[in-house]
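Q: In our numbering, the protein residues as written are 3 to 240.
Shown next as structure tokens:
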């Protein structure tokens with residue numbers, strides 16, 4: 003991990019120094035920014051391996067930073083914020099965050115979350131099969147989803163959840179496994195996340211979201227997707 007570059011976007015200088023010292027001790031290269039606009043410049047010019055982002059920036063809200071970033075990059079982002087309300091977490095994840103840690107935080111948990119985040123992100127680069135269910139085709143290597151030939155825009159969290167489900171090829175994936183793989187350590191009891199994001203996926207991918215045919219929930223157990231591998235060489239975005 004000593005070749006990794008982390009960008010810390012944090013306006014509290016004391017926290018920024020703590021994070022810088024922690025990451026340098028772990029062998030990371032570190033860049034810092036005190037504002038969202040400076041952070042965006044650093045992200046565009048340095049192309050860090052991951053970003054640690056505060057939501058309460060002086061020039062713009064961290065969610066705005068995430069939405070702008072996700073227009074051109076899938077750099078993994080861990081949000082650090084004093085805003086611990088469930089709504090704030092959901093909004094940040096919807097905007098493109100990969101994980102969310104509430105201040106004050108412990109350094110061991112911070113590093114564990116980043117290691118898990120990097121493992122998930124690194125796994126995206128490996129070639130994998132396409133999957134199909136109904137009129138939907140999921141291109142895991144290309145990080146795209148098409149429905150009836152039309153490109154469907156998913157958030158990064160929605161896509162990760164869908165990938166976990168289609169890879170099971172109809173088998174039930176437990177709530178705990180989905181929460182750990184998609185949201186990371188520390189979220190295994192946040193079952194409401196699954197309800198929210200399964201509803202998002204059904205709305206975008208099912209013909210009748212109120213009577214899903216493919217994206218199914220097994221109450222109290224987990225979720226499954228009635229998908230199968232497909233040999234599809236290429237899809238053009240429309």
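Virtual Cβ for every residue (Gly too), placed ideally from N, Cα, C.
Source: prediction; values computed, not measured.
1) So what does DSSP say about residue 127, is it helix, strand or coil?
2) Starting from residue 140, follow the beta strand (DSSP E) in both directions and report where the run begins and ends.
3) For residue 232, list the residues DSSP reports as bridge partners.
4) Quick one: which unbroken beta strand (DSSP E) runs of 3-plus residues sit fully inside the segment 53–107? Chain order, please.
5) Cutting at 7 angstroms between CB atoms, please list the residues of its own chain near residue 1, excluding the five before and the five after it.
6) Measuring CA to CA, which of 211, 143, 113, 123 is closest to residue 30?
7) Output needed for residue 182: all residues of its chain with C-beta closer than 6 angstroms, excluding positions within five of it in sequence on either side, in chain order.
8) Would you list the residues sitting across from residue 146 in a DSSP beta bridge?
9) Quick one: what's residue 152 bridged to in DSSP?
10) Would you mind stating whether residue 8 and residue 32 have Cβ atoms separated by less than 8 angstroms?
11) Going by DSSP in three states, residue 31 sits in which element: helix, strand or coil?
12) How about residue 107 and residue 77: do their beta carbons lie closer than 8 angstroms?
13) Please classify residue 16 as buried or exposed, where buried requires at least 16 neighbouring CB atoms within 10 angstroms.
14) For residue 156, count neighbouring C-beta atoms within 10 Å of its own C-beta (all shown protein chains included) and say buried if the count is 16 or more, exposed if not.
15) If you draw a straight line from the C-alpha of residue 137 to the C-alpha of residue 90, how long is it?
16) For residue 200, which residues in the same chain have their Cβ closer than 8 angstroms to its Cβ, ignoring the five residues on either side in sequence?
17) Assign residue 8 to one of three DSSP states: helix, strand, or coil.
18) Nearest to residue 101 by alpha carbon, out of 211, 56, 24?
19) With a Cβ-Cβ cutoff of 8 angstroms, do residue 45 and residue 26 count as a contact?
20) Roughly how many whole angstroms lie between the Cα atoms of residue 167 and residue 120?
21) Buried or exposed for residue 251, please, with buried defined as at least 16 other CB atoms from any protein chain shown within 10 angstroms of its CB.
22) Mapping DSSP to helix, strand and coil, what is residue 171?
23) DSSP three-state call for residue 36: helix, strand or coil?
24) Grouping DSSP H, G and I as helix and E and B as strand, with all else coil, what is residue 122?
25) Along the chain, where does the beta strand (DSSP E) that runs through residue 193 open and close?
A: Walking through what the data contain:
1) The sequence position of residue 127 within the chain shown is 125, counting from 1. Any reading at residue 127 is ruled out, since the residue's pLDDT is 46, under 50, leaving its predicted position unreliable.
2) Translated into the one-based positions of the chain shown, residue 140 becomes position 138. Here the beta strand (DSSP E) through residue 140 covers 138–141.
3) In the chain shown, residue 232 corresponds to position 230, counting from 1. Residue pairing by DSSP puts residue 232 in a beta bridge opposite 132.
4) Within the segment 53–107, the runs of beta strand (DSSP E) at least 3 residues long that lie entirely inside it are, in chain order, 79–83, 101–104.
5) Because residue 1 is not part of the residues shown, which for the chain are 3 to 240, the question remains open.
6) Walking along the chain shown from the start, residue 30 turns up at place 28. Nearest neighbour of residue 30 by Cα position, chosen from 211, 143, 113, 123, turns out to be 113.
7) For the purposes of this step, residue 182 is identified with residue 180 of the chain shown, where counting begins at 1. Correct list, in chain order: 190.
8) By one-based count along the chain shown, residue 146 stands at place 144. Here residue 146 is bridged, per DSSP, to 141.
9) In the chain shown, counting from the first residue as 1, residue 152 sits at position 150. Looking at the DSSP output, residue 152 bridges to 149.
10) Your numbering for residue 8 matches position 6 in the chain shown. Your numbering for residue 32 matches position 30 in the chain shown. Against a cut-off of 8 angstroms, the Cβ pair of residue 32 and residue 8 comes out as a contact.
11) Residue mapping note: residue 31 aligns to position 29 of the chain shown, counting from 1. Strand at residue 31.
12) Sequence index remark: in the chain shown, residue 107 carries index 105 (1-based). Sequence index remark: in the chain shown, residue 77 carries index 75 (1-based). Not a contact, by the Cβ cut-off of 8 angstroms.
13) Within the chain shown, residue 16 is the residue found at index 14, counting from 1. Flag for residue 16 reads exposed.
14) For the purposes of this step, residue 156 is identified with residue 154 of the chain shown, where counting begins at 1. Label assigned to residue 156: buried.
15) In the chain shown, counting from the first residue as 1, residue 137 sits at position 135. In the chain shown, counting from the first residue as 1, residue 90 sits at position 88. Their Cα atoms are separated by approximately 34 angstroms.
16) Mapped onto the chain shown, residue 200 falls at position 198. Here the set comprises 163, 217, 219, 225.
17) Mapped onto the chain shown, residue 8 falls at position 6. For residue 8, the three-state secondary structure derived from DSSP is strand.
18) Along the chain shown, one-based indexing puts residue 101 at 99. Closest option to residue 101, Cα to Cα, is 56.
19) Your numbering for residue 45 matches position 43 in the chain shown. Your numbering for residue 26 matches position 24 in the chain shown. No, the Cβ-Cβ distance between residue 45 and residue 26 is not below 8 angstroms.
20) By one-based count along the chain shown, residue 167 stands at place 165. By one-based count along the chain shown, residue 120 stands at place 118. Rounded to whole angstroms, residue 167 to residue 120 spans 20 angstroms at the Cα level.
21) Because residue 251 is not part of the residues shown, which for the chain are 3 to 240, the question remains open.
22) As a position in the chain shown, residue 171 is number 169, starting the count at 1. It is coil, neither helix nor strand.
23) By one-based count along the chain shown, residue 36 stands at place 34. Correct three-state label for residue 36: coil.
24) The residue you call residue 122 lines up with position 120 of the chain shown. Helix.
25) Start at 1 with the first residue of the chain shown, and residue 193 comes out as number 191. Unbroken run through residue 193 is the alpha helix (DSSP H), 193–207; no beta strand (DSSP E).
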